[in-house]
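So the sequence shown is numbered by our numbering: it starts at 947 and just counts up by one. Yeah, the Cβ is synthetic: ideal placement off N, Cα and C, and Gly gets one too.
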Amino acid sequence: AWLQQEKCPLKQERIVKLLEEGNSSCMVAKDVGCSQSAVSKIWTKYKQHGMVVKAKRNGRPRKTSKRQDKQLKAISKRKPALTPKHKRTRLQWAKERQSWTVDDWMKVIFSDESRICIGQGDDAGTFVWCRSSEIYEEACLKKTTKFPQSLMIWGCMSGKGTGEMTVVNSSINAQVYIDILDSFLIPSIEQMFGDDETIFQDDNASCHRAKTVKAFLGERHIQSMSWPANSPDLNPIENLWWRLKKMVHKKAPACKADLATAIKKSWHQIDAEYCLSLIESMAQRLKAVLKAKGGATKY
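Printed below as a string of structure tokens:
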């Protein structure tokens, strides 16, 4: 009844007129054919605003009704949980580097591991808008595989472009990680930086912080960067992984061998300009962390 009243300004005006004449809300409701609650709402609106018909508003016209808006579903952002200690560490880390220039960040070689699954890459940044009655229709579903075939990879990048990348066929412990650094990080540093100053970034995984790994880096005279926990938003290689997975997905690999080939081919197709743009975003990333007082950012 209330929705019908919203669409009938003449009926609303009659309700106000009858009430002003001293008629009871019960009698008015019977006269116009609506509920007493609808009469009360219209009368309250009239007393508050002096009108019963909404004034015309400027701005872009709505494409959906409020009812339709409630039926629309969207995917929320997923971010790591941050404790107060995490936030303090992130904030301090950002403060210590807020004066760094692009040239300073160009000295850093970022690294990480990532797992790529067959079929992965089409869901990143995808939104599905539909009515509640349509959420299980074929066009609105994201197909999943119970046990998708996947590969773990390690890679590194800097503002000069991508470094070496390798498929990791075993679980990563300290010795496996040292072998990766020796076989792939060292050549990447030599290729991109030569004898110039280099700062190596990796996260706080237990195998990364093992004593033997620290000793290896010390022997090779590689300077390590301290890293705040739960901070993928500060590592530009995360954006590179996102692009890589999209590129691999477009190649539609059907098995692990195809997946390995697609990963390697896609890795070499990532251009240096894109890597530079990620490094140039570091100042904005730090500003976002400072603004959020160590909290989550959009990156």
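Using CA coordinates, which residue listed in the options is at the minimum distance from residue i?
i: Val-1236; options: Gln-958, Pro-1026 and Thr-1035; result: The sequence given here places Leu at residue 1236; Val does not occur at that position. Of the candidates Gln-958, Pro-1026 and Thr-1035, the one whose C-alpha sits nearest the C-alpha of Leu-1236 is Thr-1035.
i: Ser-1177; options: Tyr-1245, Ile-1118 and Ile-1168; result: Tyr-1245
i: Leu-1163; options: Ser-1011, Trp-1051, Ala-1175 and Thr-1144; result: Thr-1144
i: Asp-957; options: Ile-1225, Asn-1119, Gly-979 and Cys-1221; result: The sequence shown places Lys at residue 957, rather than the Asp named in the question. The residue with the shortest Cα to Cα distance from Lys-957 is Gly-979.
i: Asp-1210; options: Leu-1190, Ala-1200, Cys-1201 and Cys-1221; result: Per the sequence shown, residue 1210 should be read as Lys rather than Asp. With distances taken between Cα atoms, Lys-1210 lies closest to Leu-1190.
i: Ile-1216; options: Ile-1064, Ala-1198, Ala-1206 and Lys-1106; result: Lys-1106
i: Gln-1137; options: Thr-1108, Trp-1213, Arg-1155 and Ser-1152; result: Thr-1108
i: Ser-1172; options: His-1195, Ala-1161 and Asp-1148; result: Asp-1148
i: Val-1078; options: Gln-1014, Pro-1199 and Ala-1085; result: Note on identity: in this sequence residue 1078 is Ser, with Val being the wrong assignment. The option with the nearest alpha carbon to Ser-1078 is Gln-1014.
i: Ile-988; options: Glu-966, Arg-1006, Glu-1084 and Arg-1008; result: Glu-966
i: Leu-1222; options: Thr-1010, Met-997 and Val-1054; result: Val-1054
i: Asp-1179; options: Asp-977, Gly-1005, Pro-1007 and Ala-1027; result: Ala-1027
Answer yes or no: do residue i and residue j have a C-beta to C-beta separation smaller than 7 Å?
i: Trp-1100; j: Val-1122; result: no
i: Pro-1133; j: Glu-1110; result: yes
i: Asn-1181; j: Leu-1224; result: no
i: Ala-1175; j: Lys-1025; result: no
i: Ile-1168; j: Phe-1146; result: yes
i: Leu-1037; j: Lys-1239; result: yes
i: Ser-1060; j: Trp-1188; result: no
i: Ser-971; j: Val-985; result: yes
i: Ala-1151; j: Ala-1120; result: no
Which whole-angstrom value describes the C-beta separation of residue i and residue j, a residue pair presumed to lie in contact below a C-beta threshold of 8 Å?
i: Met-1103; j: Phe-1056; result: 6 Å
i: Thr-1112; j: Phe-1130; result: 5 Å
i: Ile-1183; j: Asp-1058; result: 5 Å
i: Met-1193; j: Trp-1051; result: Incorrect: roughly 24 Å between the Cβ atoms, too far for contact.
i: Leu-1205; j: Ile-1062; result: 7 Å
i: Ile-1064; j: Ser-1096; result: 7 Å
i: Lys-1202; j: Ser-1212; result: Not confirmed; about 15 Å, so no contact.
Please check if any C-beta of chain D sits within less than 7 Å of the C-beta of residue i.
i: Ser-1011; result: Here chain D cannot be found, since the structure has a single protein chain.
Q. Are three or more beta carbon pairs between the stretch 1031-1049 and the stretch 1125-1135 nearer than 8 Å?
A. no
**Q.** Unbroken stretches of the alpha helix (DSSP H), 4 residues or longer, contained in the stretch 1098-1180
**A.** 1120-1126, 1132-1138 and 1157-1165
Q.
Would you call the stretch 988-995 in contact with the stretch 953-968, where contact means no fewer than 3 C-beta pairs closer than 8 Å?
A. yes
Q.
Would the stretch 1225-1234 count as touching the stretch 1040-1050 if we require 3 or more Cβ pairs under 8 Å?
A. yes
Q.
Give the list of continuous alpha helix (DSSP H) stretches no shorter than 4 residues that lie fully inside the stretch 1011-1056.
A. 1012-1017, 1030-1043 and 1048-1051
Q: Please go through the stretch 1192-1236 and give each complete alpha helix (DSSP H) segment of 4 or more residues, from N-terminal end onward.
A: 1202-1215 and 1218-1226
(Q) Could you tell me which whole alpha helix (DSSP H) segments of length 4 or greater appear in the stretch 958-984? (A) 971-978
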